[in-house]
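In the working numbering, the protein residues as written are 2 to 103.
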């Protein structure tokens, strides 16, 4: 099981200290310069900080069948990014001209 606070640093093997990362991502966050920590909130959230100082928040999605409530994150930014990615993937690109056979 992946640990948000590493086991070697006293992190407990509990659901609250789990991030569910794959083995490669878990090893990456354990490289010197990377840090991860849990963030208080209504849902399981971790903050991952890279060696460059950039921080990323990762919040667990609601359980299937759970209605969205006021504690849910604002999905408008996510929806916008998703739409931009979709447009970029489906945009018509010019095709190279086909040269007639000689």
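Even for Gly, the Cβ is constructed at its ideal location relative to N, Cα and C.
- In terms of CA proximity to residue 57, 48 leads the group 48, 63, 64 and 65.
- Of the candidates 2, 66, 26 and 17, 26 places its Cα closest to the Cα of residue 35.
- In the three-state scheme derived from DSSP, where H, G and I count as helix and E and B as strand, residue 48 is classed as strand.
- Residue 5 counts as buried, since no fewer than 16 other beta carbons sit within 10 angstroms of its beta carbon.
- Residue 38 is bridged by DSSP to 48.
- Bounds of any beta strand (DSSP E) do not take in residue 29; it lies within the alpha helix (DSSP H) bounded by 24-30.
- Each residue's CA atom was taken as its position, placing residue 17 and residue 24 some 18 Å apart.
- In the three-state reduction of the DSSP assignment, residue 91 falls in the helix class.
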